[in-house]
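Input: a single structure, listed below in structure tokens.
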Amino acid sequence: MGGNVIEITDGNFEREVLQSERPVLVDFWAAWCAPCRMLAPTVEALANDYAGRARVGKLNVDENNQTSARFGIRGIPTLIVFKNGEEQERLTGAHPKDVIARMLDKHM
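For the sequence shown, the numbering used here assigns the number 9 to the initial residue and increments by one for each residue that follows.
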């Protein structure tokens with residue numbers, strides 16, 4: 009994972025995402041998922057672009073099925089913006105950077 013991308017797990021989800029004072033974009037992904045791999049550089053670029061303003065993390069659905077089930081993740085990649093401990097918006101599938109940035113900007 010890139011420098012500004014946080015690794016999110018079942019164990020740290022509460023602290024890193026729900027208790028964050030800044031909006032958090034979480035990428036629900038898996039290593040075997042081709043669209044997830046295609047989206048990875050975009051997620052890293054967003055983490056760099058929003059450093060200090062929002063947090064960006066990745067949660068591997070195969071290794072963290074508790075959190076994936078909690079949020080009803082049925083398809084990957086799924087990107088969810090959390091703010092104040094609540095899900096604000098989600099996108100499923102690989103989307104261009106500008107589409108994801110617009111979604112995140114709405115919750116800044």
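Glycine included, every Cβ here is placed at the ideal spot set by N, Cα and C. Remember, predicted model here, so these are calculated numbers, not experimental data.
Task: Three-way DSSP call (helix, strand, coil) for Asp57 in this model - done: Three-state DSSP puts Asp57 in a helix.
TODO: Could you work out which residue in Asn73, Ala55 and Asp35 is closest to Thr100 when comparing CA atoms only?
DONE: Asp35
Task: Residues bridged to Val51 [DSSP beta-bridge criterion] - done: None, per the DSSP bridge assignment.
Task: Chain-order list of residues whose beta-carbon lies under 7 Å from that of Arg30 (same chain, five-residue window excluded) - done: Arg61, Ala62 and Arg63
TODO: Check Asn72 in the structure and name its three-state DSSP category.
DONE: coil
Open item on the list: DSSP three-state label for Asp35, please.
Closed with: DSSP places Asp35 in strand when its eight states are reduced to three.
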